[in-house]
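Taking it in order: structure first as structure tokens, then the write-up.
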Amino acid sequence: GDSVTQTEGLVTLTKGLPVMLNCTYQTTYSPFLFWYVQHLNEAPKLLLKSSTDNKRTEHQGFYATLHKSSSSFHLQKSSVQLSDSALYFCALNNYAQGLTFGLGTRVSVFP
Amino acid sequence: DMKVTQMPRYLIKRMGENVLLECGQDMSHETMYWYRQDPGLGLQLIYISYDVDSNSEGDIPKGYRVSRKKREHFSLILDSAKTNQTSVYFCASSDSANTEVFFGKGTRLTVV
């Protein structure tokens, strides 16, 4: 079945540094990938989405490129802020059953 | 304003009691979902509803049932709650193409 793998459970870094969160997936369908961000005690909110191969998509300083050849959709930001501290989920649209989520990566940004 | 509303936000129940979690959306979305979120386990799909009275089990349906009598409302029912059902429950909705899933703010359920 469909699956999403996020290899980092926790990422800690200092404000101003770059970050990359890994996401790989497996699916038998044409992939449609998402990144959701969840701040403490809040609902997950859509950050990015893409179904276009090799095209960079950006929002709020974050960016990701879907690479079908490597089944990846890594999330990046060039300079993190304190407000980026949150839980980040990669998700795959499996069409029949909504989104399949990875386990999430918690990002903690320190001053 | 596109919104998914969940009630209540916090709930404490005793083991064996029945629990009703309610969810509404104002986007006329056909598809609605119930997820639970536990530390280290991400978001797990309990049930999915494709429209009124068209519900399907997700990955972890045991101990839960759902009801969808109107497109805008989707309820999650726990008959005889168990302590291992202590969790945060999220309702969500999407259009039929699942191009974006909108989440409610969640219900934190504690079963004691």
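So the protein sequences, as listed, match chains C and Z. The first sequence begins at 1 in our numbering and counts up one residue at a time. The second sequence begins at 1001 in our numbering and counts up one residue at a time. By construction, the Cβ of each residue, glycine as well, lies at the ideal position given by its N, Cα and C atoms.
Under a three-way DSSP split, which group does LEU82 of chain C fall into? Residue mapping note: residue 82 of chain C aligns to position 82 of the first sequence, counting from 1. Reduced to three states, the DSSP call for LEU82 of chain C is helix.
Pick from Z:LEU1045, Z:TYR1047 and Z:GLN1037 that is closest to ALA43 of chain C, judged by C-alpha positions: Indexing the first sequence from 1 puts residue 43 of chain C at position 43. Of the candidates Z:LEU1045, Z:TYR1047 and Z:GLN1037, the one whose C-alpha sits nearest the C-alpha of ALA43 of chain C is Z:GLN1037.
For the segment 1078-1107 of chain Z, list every residue whose C-beta sits within 7 Å of some C-beta in chain C, in sequence order. PHE1090, SER1094, ASN1098, GLU1100, VAL1101, PHE1103, GLY1104, LYS1105 and GLY1106
ASN1084 of chain Z (DSSP reduced to helix, strand or coil): Translated into positions along the second sequence, residue 1084 of chain Z becomes position 84. Helix.
Throw me the rounded Cβ distance for the PHE1102 of chain Z and MET1027 of chain Z pair, which I believe falls under 8 Å. Reading the second sequence from its first residue, position 102 is the one you call residue 1102 of chain Z. Reading the second sequence from its first residue, position 27 is the one you call residue 1027 of chain Z. Right, the Cβ-Cβ distance comes to about 7 Å (below 8 Å), so this counts as a contact.
Determine, using beta carbons only, whether MET1032 of chain Z and GLN1025 of chain Z come nearer to each other than 8 Å. Translated into positions along the second sequence, residue 1032 of chain Z becomes position 32. Translated into positions along the second sequence, residue 1025 of chain Z becomes position 25. In this structure, GLN1025 of chain Z lies closer than 8 Å to MET1032 of chain Z by Cβ.
Drop a sphere of 10 angstroms on the beta-carbon of SER1054 of chain Z, count the other beta-carbons inside from all chains shown, and report buried for 16 or more, exposed for fewer. Here residue 1054 of chain Z refers to the residue found at position 54 when the second sequence is read from its first residue. Classification of SER1054 of chain Z: exposed, given that the 10 Å Cβ count is below 16.
Curious, which full-length beta strand (DSSP E) runs of at least 3 residues does the segment 1033-1069 of chain Z contain? 1042-1051 and 1054-1057
Residues bridged to ASP53 of chain C (per DSSP): In the first sequence, the residue the question calls residue 53 of chain C occupies position 53. Paired residues: C:LEU66.
Residues near VAL1111 of chain Z in its chain [Cβ-Cβ closer than 7 Å; skip 5 each side]: Within the second sequence, residue 1111 of chain Z is the residue found at index 111, counting from 1. So the list reads LYS1013, MET1015, ALA1081, LYS1082, THR1083, GLN1085 and THR1086, once near-sequence residues are dropped.
Would you kindly report the start and end of the unbroken beta strand (DSSP E) that includes GLU1022 of chain Z? Start at 1 with the first residue of the second sequence, and residue 1022 of chain Z comes out as number 22. Note, GLU1022 of chain Z: beta strand (DSSP E), 1019-1025.
Cβ closer than 8 Å: which chain Z residues qualify as neighbours of LYS49 of chain C? In the first sequence, the residue the question calls residue 49 of chain C occupies position 49. Chain Z residues near LYS49 of chain C: THR1099 and GLU1100.
Would a C-beta distance cut-off of 8 Å place SER1049 of chain Z and PHE1074 of chain Z closer than the cut-off? Taking the second sequence and counting its residues from 1, the one referred to as residue 1049 of chain Z is at position 49. Taking the second sequence and counting its residues from 1, the one referred to as residue 1074 of chain Z is at position 74. Their beta carbons are under 8 Å apart, which means SER1049 of chain Z touches PHE1074 of chain Z by this criterion.
Is MET20 of chain C closer than 8 Å to HIS59 of chain C when the C-beta atoms are compared? The residue given as residue 59 of chain C occupies position 59 in the first sequence. The residue given as residue 20 of chain C occupies position 20 in the first sequence. For HIS59 of chain C and MET20 of chain C, no; Cβs fall outside 8 Å.
Measuring CB to CB, does VAL1019 of chain Z end up less than 8 Å from ILE1077 of chain Z? As a first step, residue 1019 of chain Z is located in the second sequence; it is residue number 19 there, counting from the start. As a first step, residue 1077 of chain Z is located in the second sequence; it is residue number 77 there, counting from the start. A contact, by the Cβ cut-off of 8 Å.
Should CYS23 of chain C and GLY102 of chain C be called a contact, given that it needs their Cβ atoms to be closer than 8 Å? Indexing the first sequence from 1 puts residue 23 of chain C at position 23. Indexing the first sequence from 1 puts residue 102 of chain C at position 102. Against a cut-off of 8 Å, the Cβ pair of GLY102 of chain C and CYS23 of chain C comes out as a contact.
From the DSSP secondary-structure annotation, give me the bridge partner or partners of ASN93 of chain C. Position 93 of the first sequence, counted from the first residue, corresponds to residue 93 of chain C. C:LEU99, per the DSSP bridge assignment.
Contact set for PRO18 of chain C: own chain, Cβ-Cβ below 8 Å, skip 5 residues either direction: For the purposes of this step, residue 18 of chain C is identified with residue 18 of the first sequence, where counting begins at 1. Hits under 8 Å: GLN76, LYS77, SER78, SER79 and VAL80.
Just the Cα atoms here: how many angstroms apart are GLN1044 of chain Z and ILE1060 of chain Z? Locating residue 1044 of chain Z in the second sequence gives position 44, where the first residue counts as 1. Locating residue 1060 of chain Z in the second sequence gives position 60, where the first residue counts as 1. Spanning the two alpha carbons is a distance of roughly 7 Å.
If I measure Cβ to Cβ from LYS1070 of chain Z and keep anything under 8 Å in the same chain, skipping five residues before and after, which residues do I get? What you label residue 1070 of chain Z is simply residue 70 of the second sequence in a count that begins at 1. Cβ within range, chain order: VAL1052.
Less than 8 Å between the beta carbons of LEU92 of chain C and THR27 of chain C, yes or no? Walking along the first sequence from the start, residue 92 of chain C turns up at place 92. Walking along the first sequence from the start, residue 27 of chain C turns up at place 27. Against a cut-off of 8 Å, the Cβ pair of THR27 of chain C and LEU92 of chain C comes out as a contact.
Using the beta-carbon count (16 or more within 10 Å), is LYS49 of chain C buried or exposed? As a working mapping, residue 49 of chain C is identified with position 49 in the first sequence. Label assigned to LYS49 of chain C: buried.
Tell me, please, whether the CB atom of PHE101 of chain C is closer than 8 Å to any CB atom in chain Z? Locating residue 101 of chain C in the first sequence gives position 101, where the first residue counts as 1. So yes, PHE101 of chain C belongs to the interface.
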